[in-house]
Every structure is written in structure tokens, then in C-alpha cells.
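Protein chains in written order, with our numbering: chain A, 42 to 309; chain B, 14 to 306; chain C, -15 to 325.
We put the beta carbon where it would ideally sit given N, CA and C, even for glycine.
Beneath this line is the structure, given in C-alpha cells, with notes to follow.
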Amino acid sequence: MSGELLEIEDYSGAFRSPTGELTPVLHDVSYRLKEGALTAVVGETGSGKSLVALSVLGIQPASFVRRSGRILFRGVDLLSLDEKAMRKIRGAEISMVFQDARAALNPVFTVGRQLADVYQLQHGGGRSAAMKQAIEALRRVSIPEPARRARQYPHEFSGGMAQRAMIAMAALICEPSLLILDEPTTGLDVTIQSDIMELITDLCRVGGLTTCLITHDLGIVAETCDEVVVMNAGRVVETGSAQAIFTQPQDPYTRRLLAASQLVEGAA
Amino acid sequence: MSPRDAVGEISPELGLARPVRRRPKLSWSMRIGAGVLIFYVAVALISVVWTPYDPLTPGIGDGYDAPSWAFPLGTDRLGADMLSRLMAGARYNLGITLTAVAIAFCVGTTIGVIAGYYGGAIDTVALRAVEIFQAFPGLLFAMLVVQAVGAGIVNVILVMSFVGIPDYLRLARGEIHSRRSWQYAEAARMVGNPPWRVAFRHLLPNSIGPLLAFTSINAAFVALITASLGFLGLGLGPNTPEWGNMIARGQDGVMTGQWWVSFFPGLAILGLTGAFYLLGDAISDLTDPRRRR
Amino acid sequence: MRGDGAILQVRGLRKNFPVDGGRHLVAVDGVSLDLAAGETLALVGESGSGKSTVARCIVRLIEPSGGDVMIDGKSILPLEPRRLAGVYRRIQMVFQDPNASLNPRMSVRQVLDEPLRLHLDLPRSERTARVRELVEMVGLTSLHLDRYPHELSGGQRQRVGIARAMAVSPEIVILDEPTSSLDVSVRGQILDLLLDLQQRLNLAYLFISHDLQVVRHVADRVAVMYLGGIVELGLTERLFGAPQHPYTRALLSAAPVAQWGVTRTRLRLVGEITSPIDPPDACRLVGRCPLAQPACAAAKPALIDIGHDHAVACPVVIGGEAALPSGDLQPPVAAAATRGF
């Protein structure tokens, strides 16, 4: 299980303004996601970490123009696939969890219905079987009284619970090989954050799910991740195992980021 | 690391690049709309000092003269020159419209801002009043009130402004209400602004976009209603060269072939209303908050 | 640091919001605290704890439902809203979101000029000089004066917000999550700026935050809030080193540390935060707390002094039965930052 599931190769791109000017935002971004590992992509706002993730799924903003590079998933360049092929991959192979779960869920359908819909989309079958799976998924992400919760609407869920439901949808209903999470705990209370991170690491370890965690919080990275990719201003600055990055950071930016995260004065 | 040492290291904190302020591009709809409107205003102003003939005097021509060099737009049934009447009419239609819109804007926005910021009883009363007003269709309301208070240009202007006040009130109230708990509104209180200044000096300028955009829709509507009232013969005297009135007077001619008596006033109204709509489109694009200024 | 030396005193502050059906949402339920000149008291809590509401009640951006707020021993609650201007010359606020706390249509110069004009009524020449002084005090330059908020970075905007608060030379500054919306690398700079200013101008800070790491870096004393009440209050190092209240322990044990090889044992609270609507007269943690006893549901525990300037609102802990079902009592003492490093 040490192969690479996903490889980003020299990916560069720019944003096109309404007047046609190009502003380069990604410069030769390259990194790999090891199969079965929990990799963190860290960076501050504007580092481009989310943009690359959106590109993997083919849902990058329309104003983004690729200049060069490939995104290889099991050896296939995702950027060369047409929309139909990408749709087969989304959900079934690669799945994504976004930051604000309550906003990502459709407010007019019950949570259970939304999970069941996705189940049917991915696996087919009848409505009641799908609903059973939906409730089971909610149970597996430790949502108490899953049958009752499945009948509720997103606004009746707290932030943390909604995020669990999203994770249930993306990781359990969909059964992907690669799960990308874009700032899944930002904005949640710290106690809830901790719970969600435990859920994510459980799914990763127990299920052997290759996971990519995009975040700016080095605390959760230190505690949970195997590999780290550090990005700054559209470039990959450093990659390595989590232990190496935290104990022996090579790049000056990485060192400063670590120092700032620890609020240690006068750090190197 | 003191702030000064840390400056510029990790993020370009003190980036001193020249900030880019883009000028808004004037779209075609804006140019056409503004152009037409300026044209109308010019005609109205000119008509104060000069028209080819006296617009109010009949009998200059023989009556129902077709358009010719002497009378470029023909004469009406009584022989009065159409071009002169049309030019004079601009004063009425344009003047009433712009004045009424201005009044409605000021009064409606002010009440709306107060209602939106202070909330409570003022808000409830204002909203209910607006709802009652808006229960009546605009034209019907205008007709009833004009009949009740009597004819005269001042009355017409006031009635027209009332048609618009509820909408400005609602819009302003909504915008202010949604912004009043924003942090810069709180900060404005902390720096010493009394509540009314927070509402008018800080919140209102940031809410002006939708209000301005609505102004042109309101103006188009008022222009139409003014002409409608004139068409029905309400509000202004029978000989007033107001365009709606002129259309009404030319009705018989339409059937018997003297098309120009109703046509040109109608065209004038169409042009005015269209210009307002085009401007409205352009204004709402310009004030779109996503276009950073 | 209690009692007489306090420049700001809050006693029994309460705030209720009416909700449908004649019920009330209790946002702040009897909060009392003291702030001395030159010290930093942190108010820590998660969402729903009421910490931001406390801040806004103190400066009367929201009117409290009960209790008292005193500056230099004189209550500021009976003052008419018009008279509050005088209060705002002594107590100011720095807001959380630099994007939302600056008027998008005002340049930096205008933002800083306004309080000088309205509060201090200075003539123009003095205002110009003072504006320049303020802008340099926060690490910006006069070249920034003519910029608008959207032309500044997040950190720069927050600096402007800080300058605005300092404009009237207040004695007390309430900081409502001043670094939460900023990038990690900028956070340290802004905190350093705030500490620097505090030292120079002898400011009292009421520092509101949910970020324990930041709080440990800046605060002299910490008050932990949960569902509208203070559950623990004490000196920073003591509270972080040996937290007493179960909620404090749960909170501290949940915070991840950005260092390799740190393991922590969590004290878990079961389930989600309970409803603040019409709460019963009991400890707010009942139903979630692993130490819960029958006495906890009988009455809301008072904040009791347990010596060394430390107070806890938990009858179980005070009664000495602080043993946890299993695992560590204390959070790991990893070499995290301390003040006066």
C-alpha cells in the first residue's frame, strides 16, 4: 500500500479577469498522495491549496485557466477527461467535504433524503434500501438517534453534526478511494473540532481511505497526519513526512509558519 | 520579533504597490439612456425660451395639417403646432416625473432609514402603512386622489411622489436593517456617532446601490402614470400640452388617417420611459457591490 | 487584582433575548468580573458561551437586562445613550472581522479622523498630526492613509481598527477576537502590536477569544465561560497548568498543539451543547459532565474562590471529588509559549 494514488504534476494556472488579463496563481505545483495515508496540504489564504483540490475534481472556478501540468489519478490524467468521465469519478472514486457543511447541504430536503439520493445515484436500488443505508451512515459517524435525525432538515443540525453528515455522505455513502477535505473543522468549536478530527482519522485508518486534508491549522496536522505538503503563494514550498516537517523543517517559510503557529517568540 | 522586524517577512504586510482603481466602463445602454434623457432635458429647457410657434394658440394652421416644412410634426385638430406643443410638453412630463421621483426618493429613503435602524414601533407602523398604500394599484390610486384633491400641477406631482414612496421606504429599510448589526456600524457608535448619524452617514451610503437602481424604474413608472392621467383628462387643464393629454386629443384622428397627432406624443413617452429603463440597467451594474470601487 | 484597584467592574451582568412563545434565551447569566489598569483579562469560551454578548453589554452596544457595569466605581448603565460619548473616550473596542469592521467607503484617514473629530473635537491641524501618529503607532505608514479597506490586506485592516480604537487614548480596550479572522502568520504580529501598545499606554485589555493558544500568550488572568456564566477564573498559568472545572479541562484537552509527538488525553463532554432557552436552575453542564452528581442539578453553582486568586463554579470539584473516571487530570505540558518569554 505504498503506491501513489494521486499525483499532481507541474500544475500551473492563472485567473482570467473579465477584461482578459491573466493573473498567475499557481506555479508548477507538484505533490503526491500516498495510498492509504493521511496527507495534509497546509498554507495560508491565497496559497492555492483549495484551488488545486477543486481542480482535481474538475470543479475549479470558471475564471481559472490551466497553463500546464497534469493531475494523475491511478495514472490517468484527470484534466484530459471530459465531463461525462469526470462525473463517473466524482463520488465513486474521489469525494470531497467542504468547509461549511450546513451551507453545502440543500436546505429544502431532509438530511436523510439527501444521503439516500446520493446513495441511489452511486449504487442504484430502491428508495427504502437507500434510506436504510443513509441512517446506517449517520450512525457510523456517531450521530445519536440517526433515524430521527435523518428526518430533520440541515438547519436543525448544529455545525458539528452537519459536518458529520457531510462526511457520512462523502466517505461512507460514496465509498471513494480518495477523500479530500477542505478546511473541514474551521469555524467549529474546538471540542467539536477534536471530535470531527477523530472521526476523520478513524475513517482513514480503519477504512484504508486515502485522505487529503486541506487546512491552515498546524495543530491538527501535527496530531493526525502522516504526510505534509506546505504551500505558499501558489507554490509548493516543502513536502515530507509529518515528523520531518515538524522536527526538521527545511524551508524558511515552513519554519516561520511553525513558529507563528506555536506563538513562540524569537523562533528561528 | 517586534512588529517592525516581522514586517514583510511571511506575508507582504506593508505592500506599498500602487492600488488599482478601475474606472467603470460606460456601457451602451448607459450611453443611449443618458443621451436620450439629456436630449429631453435640453428640449424642455429650450422650450422655455423658444418654440417654433406658441404651443397654446390654436388656429395657426388649418387643423389636421400633415407634417410639412412649415409644421414639421403637423398640427392638431385645432390647428396648433405639434412640434411646439411637444417641446412644451417635455416640461410637463419630464418635470413632473423628475420632481416626483426626487421627492419620493428623499421622503421614502429617510423614513425607511429611520424605520430600518431604530426598528420597534416606528418600523412596524411604517411597514403597515406601506402595505396599505401598496394594496392599491398605482394608477387607480393616483386617479382617485387627483379627483379628490383637485387639479393642478402641484397636486399631480405630490400624488406621483406618493406612488413611489412606499418602494423607497421598503428598500431603504431593508438595506439598513440588514446592515445595522455589521461591525462597522457598531464601530461607528464607538467613535462617537449618535444613532441617526450611524444610519445616515455610514449605512445609507453603503446601501445606495439598489436605491439608485430603483430610481429609474420608479421614474419610468411615474412617467407612464403621468401620461395616463393626462390621457384620462385628469389633473391638468384640457389645453395643457402634456403628452398623454395630446394622445387623447388625437384619438379621432387615428381612425381617419391623421396619425401624427397621437403618434408623436406616444413616441415621446416611449422614448422617455425607455431611456429610464436603460439607465436603470446601467446603474444597477455600476453599483453592484461585486464590482469593487 | 480584585476589588479596589479595578478600573472596570462588572457585577451580575445578565442579558436575555425574548424568543417565540414568551420564552427567553439566556445569553449572559450573572457574570461578574474586575479588570485592573494595565492588565489583560481573557474571556474564553466556545460559540454560545456569551462572551461576545458580555463585551457588547459592557459598552452598551447591546443593553443589558440586568446587573451593573462600573468604570472607576461609577455605573455607566443609567446614562442616557446620548451621554455615552464620554464613556467611549475611556473604553473602546477592537472588532473581530477586519472586513466588516471598516466602512468600505471610508479611507483610512477618514476612519481615524472621525473619532478625533467627534470625541475629542480637535481642530484640523491637530487632527492631521494625530492621525499620522496613530497610523505609525500601529506599524503602517502615511502612504496607507488614502487607501480604502479593500486595498489593504487583512492584517493591515486590523491595524487600522486598532488605531481607531487608540485614537481617543482610552484606558480600557475590549478586544473581540482580534486575531481570529487573520492568517496564522499575521496573528503573531498583531498580538505583538497589542502587547506593545498595552505596555506603552498602560491599557487594560478585556481579551475575548476562543483560541486558547492566543489567550495563553497574552492574558494575565483567564475567565472561562460556558452558556452564559463564568465557570472558572484564575491566573493564566495556574488555569492552564491545573484546570479545575470539568469544562475547562475538556476545553484544554481538546486543543491540538502544533508540535510533533504530543499526545493528549481528552476529557470528553458527551453530546452537544444544551439549549440556552429558559434554562433550569442547575449547573449548565448537567447531562454532559462526567463528574455529574445529584447536587449539580439542584441549583446553579456559584463561582467560589478556592485561593490563589482562583475561583471555580463546580460543587464537585470544590468538594474535593475531582477524580476523573480514567486518564490524566492535566493537559500535557508541552513547551508552549508563555508570556515574558
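Per-residue burial, residue i [other beta carbons within 10 Å of its own, 16 or more giving buried]
| i | result |
| --- | --- |
| M150 (chain C) | buried |
| E255 (chain B) | buried |
| D243 (chain A) | exposed |
| K(-1) (chain C) | buried |
| M42 (chain A) | Note that M42 (chain A) has pLDDT 40, beneath the 50 cutoff, so the model's placement of it is unreliable and no number is given. |
| C253 (chain A) | buried |
| W209 (chain B) | exposed |
| L29 (chain B) | Because L29 (chain B) carries a pLDDT of 44, less than 50, the predicted location of this residue cannot be relied on, and no value is offered for it. |
| M137 (chain A) | buried |
| I51 (chain B) | exposed |
| G32 (chain C) | buried |
| W82 (chain B) | exposed |
| S59 (chain C) | exposed |
| M268 (chain B) | exposed |
| T137 (chain B) | exposed |
Member of the options whose CA lies at the smallest distance from the CA of residue i
| i | options | result |
| --- | --- | --- |
| H194 (chain C) | C:L102, C:L236, C:L179, C:N186 | C:L236 |
| R131 (chain A) | A:L119, A:Y72, A:S302 | A:L119 |
| A283 (chain A) | A:R180, A:R73, A:E268, A:L67 | A:E268 |
| F150 (chain A) | A:E186, A:Y194, A:T288 | A:Y194 |
| R276 (chain A) | A:Y72, A:K129, A:E264, A:G44 | A:Y72 |
| K125 (chain A) | A:L220, A:G99, A:F139 | A:G99 |
| I178 (chain B) | B:A142, B:N206, B:H190, B:V162 | B:A142 |
| A232 (chain B) | B:R193, B:G205, B:M173 | B:M173 |
| V119 (chain C) | C:T163, C:V241, C:L181, C:G225 | C:L181 |
Proximity test, Cβ basis, 8 Å: residue i and chain C
| i | result |
| --- | --- |
| H190 (chain B) | no |
| Y197 (chain B) | yes |
| P225 (chain A) | no |
| F287 (chain A) | yes |
| I261 (chain A) | yes |
| P223 (chain B) | no |
| T232 (chain A) | yes |
| H257 (chain A) | yes |
Residue i - containing alpha helix (DSSP H), residue span
| i | result |
| --- | --- |
| M156 (chain B) | 151 to 162 |
| K35 (chain C) | 35 to 42 |
| T264 (chain A) | Reading off the sequence shown, one finds Glu at residue 264 (chain A), where the question assumed Thr. That run of the alpha helix (DSSP H) goes 259 to 265. |
| Y241 (chain B) | Correcting the residue identity first, residue 241 (chain B) is Ser in this sequence and not Tyr. Where S241 (chain B) is concerned, the enclosing alpha helix (DSSP H) stretches over 217 to 244. |
| H68 (chain A) | It is not in any alpha helix (DSSP H) - H68 (chain A) instead sits in the beta strand (DSSP E) that spans 63 to 75. |
| H8 (chain C) | Counting along the chain, H8 (chain C) falls outside any alpha helix (DSSP H), though it belongs to the beta strand (DSSP E) covering 7 to 20. |
| M43 (chain B) | 41 to 62 |
Coil, strand or helix - residue i by DSSP
| i | result |
| --- | --- |
| H190 (chain B) | helix |
| A326 (chain C) | There is no way to answer for residue 326 (chain C), as the model of chain C reaches only from -15 to 325. |
| G311 (chain C) | In this predicted model, G311 (chain C) has a pLDDT of only 37, less than 50, meaning its place in the structure is not dependable; the value taken from the coordinates is given anyway. DSSP places G311 (chain C) in coil when its eight states are reduced to three. |
| V122 (chain C) | coil |
| A276 (chain C) | coil |
| V254 (chain C) | coil |
| T163 (chain C) | coil |
| Y130 (chain B) | helix |
| V246 (chain C) | coil |
| R73 (chain C) | coil |
| A171 (chain A) | helix |
| S91 (chain A) | helix |
| V168 (chain C) | helix |
| R57 (chain A) | strand |
| L86 (chain B) | coil |
| D105 (chain C) | coil |
Residue i at chain A interface by Cβ criterion, 8 Å
| i | result |
| --- | --- |
| A11 (chain C) | no |
| E30 (chain C) | yes |
| A203 (chain C) | no |
| H327 (chain C) | Past the boundaries of the shown model lies residue 327 (chain C); chain C is included only from -15 to 325, so the question cannot be answered. |
| G255 (chain C) | yes |
| L235 (chain C) | yes |
Any non-hydrogen atom of the ligand FAD closer than 7 Å to residue i Cβ
| i | result |
| --- | --- |
| V54 (chain B) | As far as ligands go, the structure on display features none, and thus does not contain the ligand FAD. |
Range of the contiguous beta strand (DSSP E) that encloses residue i
| i | result |
| --- | --- |
| I112 (chain A) | 105 to 114 |
| Y189 (chain C) | 188 to 193 |
Chain F within 8 Å of residue i, Cβ atoms only
| i | result |
| --- | --- |
| T280 (chain A) | Protein chains in the displayed structure are A, B and C, and chain F is not among them. |
Min CB distance residue i to chain B below 8 Å
| i | result |
| --- | --- |
| F191 (chain C) | no |
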